[in-house]
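Below is one structure, written out as structure tokens, with a few remarks after it.
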Amino acid sequence: MGAQVRFGVLGCSSVARRRTIPAITACPGTSLTAVASRDPGKAEVFAAEFGCAAAGYDELLARDDVDAVYVPLPTALHVPWGLRVLAAGKHLLLEKPSATSAEGTRELVRAATAQDLLLRENFTFLHHSQHRTVARLLAEGRIGELRSFSGSFCFPPLPDGDIRYVPELGGGSLLDAGVYPIRAAQLLLGDDLRVVGSVLRTDPARGVDVAGQAMLVSGEGVFADVHFGFQHAYGSRYSLWGSTGRITLDRAFTPQAGWQPVLRIDEQDHSEELTLPADHQFLGSVAAFAEAVLAGRTARHPDEQAACASMVRTVELVEDVVRAAV
Ligand SMILES: NC(=O)c1ccc[n+]([C@@H]2O[C@H](COP(=O)([O-])OP(=O)(O)OC[C@H]3O[C@@H](n4cnc5c(N)ncnc54)[C@H](OP(=O)(O)O)[C@@H]3O)[C@@H](O)[C@H]2O)c1
Numbered sequence: 479m480g481a482q483v484r485f486g487v488l489g490c491s492s493v494a495r496r497r498t499i500p501a502i503t504a505c506p507g508t509s510l511t512a513v514a515s516r517d518p519g520k521a522e523v524f525a526a527e528f529g530c531a532a533a534g535y536d537e538l539l540a541r542d543d544v545d546a547v548y549v550p551l552p553t554a555l556h557v558p559w560g561l562r563v564l565a566a567g568k569h570l571l572l573e574k575p576s577a578t579s580a581e582g583t584r585e586l587v588r589a590a591t592a593q594d595l596l597l598r599e600n601f602t603f604l605h606h607s608q609h610r611t612v613a614r615l616l617a618e619g620r621i622g623e624l625r626s627f628s629g630s631f632c633f634p635p636l637p638d639g640d641i642r643y644v645p646e647l648g649g650g651s652l653l654d655a656g657v658y659p660i661r662a663a664q665l666l667l668g669d670d671l672r673v674v675g676s677v678l679r680t681d682p683a684r685g686v687d688v689a690g691q692a693m694l695v696s697g698e699g700v701f702a703d704v705h706f707g708f709q710h711a712y713g714s715r716y717s718l719w720g721s722t723g724r725i726t727l728d729r730a731f732t733p734q735a736g737w738q739p740v741l742r743i744d745e746q747d748h749s750e751e752l753t754l755p756a757d758h759q760f761l762g763s764v765a766a767f768a769e770a771v772l773a774g775r776t777a778r779h780p781d782e783q784a785a786c787a788s789m790v791r792t793v794e795l796v797e798d799v800v801r802a803a804v
């Protein structure tokens, strides 16, 4: 491999076009070789827009000039196509959530480990520096002993026919949106969170959940509640409540690259807003992936194993939310 990771993209999807492919073409460590679609005409349009080759899915996986494949397919297709990417000897950058079942995610981790390839989930918010600031403030005791986390990711209804409304494609608000506050709670409270109760609202016509809330508790006894749905005004935020203060972060999960986050701290006799630097979380995710590949890191690396364990844990928690749901 040269100085750049050469990407192929499996599926001409919306998030690929709007956010990830522009990051791949902007990142010094990556280049775009080809995009694949089930529809050759669609692949041609994408290829012309981004200056790369057009291909079918199998054709893309057979190319020698592709080192890594980005998979922005509907969630239910992440495991079957992710396994094919790994079997083709390519590193895998997989859209979130990794799978519709924890066993599916484990299968991907086993395959990446056996093939000695890198596997990462494109959970881009984890690459935004604002969460490191929050973690530092917590560690410094800025809000005292942490008592609770509350996180939400909700947005208005989607167009009919969206993949998020199709059960067979892994639709539903828990898998699409609920995983964000769940993963944020894992990040800040630990992977030993467990689900103690939940509610899900299912759209009977579509057969997918369109809203829900869950209550979790960490190993240290910190409470967490998460809200998600496709039936709300847009909201993407979390807050942490401690024994002496509270931290609130708005636009926590999908800020645009130019957005300067405003982190609010409320204490008994003092409130303060910190304006944090803008950050490009898609570029951060792609650049970190490329850096790992170029450094020869694979799923066998201890840090990657830890990240994969968190990825599996997210889907286990999703399964527990479904099991507990009223
Ligand atoms: N990281 C993030 O911030 C973020 C944001 C949005 C979405 N996502 C994730 O990215 C994935 C895709 O989301 P999206 O909004 O980009 O979806 P989308 O626009 O509907 O794209 C999905 C693509 O999958 C391909 N596909 C293959 N088989 C399909 C089938 N049976 N039905 C429909 N599409 C099929 C299609 O590409 P071809 O027609 O070209 O084959 C389609 O364009 C999801 O897992 C979602 O959770 C992540």
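First residue of the sequence shown: 479, per the numbering used here; consecutive thereafter. Glycine included, each C-beta is placed from N, C-alpha and C at the ideal position.
Cβ distance (whole Å) where residue i is taken to contact residue j below 8 Å
{"i": "Ser-676", "j": "Ala-802", "result": "5 Å"}
{"i": "Gln-759", "j": "Thr-602", "result": "4 Å"}
{"i": "His-705", "j": "Ser-630", "result": "4 Å"}
{"i": "Ile-743", "j": "Arg-620", "result": "7 Å"}
{"i": "Arg-610", "j": "Val-700", "result": "About 19 Å separates the two Cβ atoms, so there is no contact after all."}
{"i": "Arg-729", "j": "Arg-715", "result": "7 Å"}
Under the three-state DSSP convention, the category residue i falls into
{"i": "Leu-636", "result": "coil"}
{"i": "Thr-553", "result": "helix"}
{"i": "Arg-775", "result": "coil"}
{"i": "Gly-762", "result": "helix"}
{"i": "Val-644", "result": "coil"}
{"i": "Arg-562", "result": "helix"}
{"i": "Gly-629", "result": "strand"}
Own chain partners of residue i with C-beta closer than 7 Å, once the 5 adjacent residues on each side are dropped
{"i": "Arg-584", "result": "Val-790"}
{"i": "Pro-552", "result": "Ile-641, Leu-647 and Gly-648"}
{"i": "Cys-836", "result": "The question about residue 836 has no answer here: the residues shown for the chain are numbered 479 through 804."}
{"i": "Asp-543", "result": "Arg-484 and Thr-511"}
{"i": "Gly-582", "result": "Val-557"}
{"i": "Gln-482", "result": "Gly-507, Thr-508 and Ser-509"}
Near ligand 1: residue i beta-carbon under 7 Å from a heavy atom
{"i": "Ile-660", "result": "no"}
{"i": "Ala-493", "result": "The amino acid occupying residue 493 in the given sequence is Val; Ala does not appear at that position. Yes, ligand 1 has a heavy atom inside 7 Å of this Cβ."}
{"i": "Gly-489", "result": "yes"}
{"i": "Leu-647", "result": "yes"}
{"i": "Ile-641", "result": "yes"}
{"i": "Leu-555", "result": "yes"}
{"i": "Arg-562", "result": "no"}
{"i": "Ser-515", "result": "yes"}
Own chain, CB closer than 6 Å to residue i, minus 5 neighbours either side, in chain order
{"i": "Asp-703", "result": "Ser-628 and Met-693"}
Spatial neighbours of residue i in its chain, beta-carbon cut-off 8 Å, leaving aside the 5 residues before and after
{"i": "Glu-769", "result": "Gly-507"}
Residue i CB to nearest heavy atom of ligand 3 below 7 Å
{"i": "Glu-581", "result": "With respect to ligand 3, the structure offers nothing, as its ligand set consists of ligand 1."}
Where in the region 568-615 do unbroken runs of the beta strand (DSSP E), each at least 3 residues long, occur, reported from the N-terminal end onward? For secondary structure counted as the beta strand (DSSP E) over 3 or more consecutive residues, the region 568-615 holds these complete runs in sequence order: 569-572 and 597-599.
I'd like the ranges of any alpha helix (DSSP H) spanning at least 4 consecutive residues and lying wholly in the region 498-526. Taking 4 residues as the shortest admissible run, the region 498-526 contains the following complete alpha helix (DSSP H) segments, listed from N- to C-terminal end: 499-504.
Report the residue ranges of all beta strand (DSSP E) runs contained in full by the region 692-759; include only those spanning at least 3 residues, in chain order. As far as the region 692-759 is concerned, its whole beta strand (DSSP E) runs of at least 3 residues are 701-707, 713-720, 723-728, 740-745 and 748-753.
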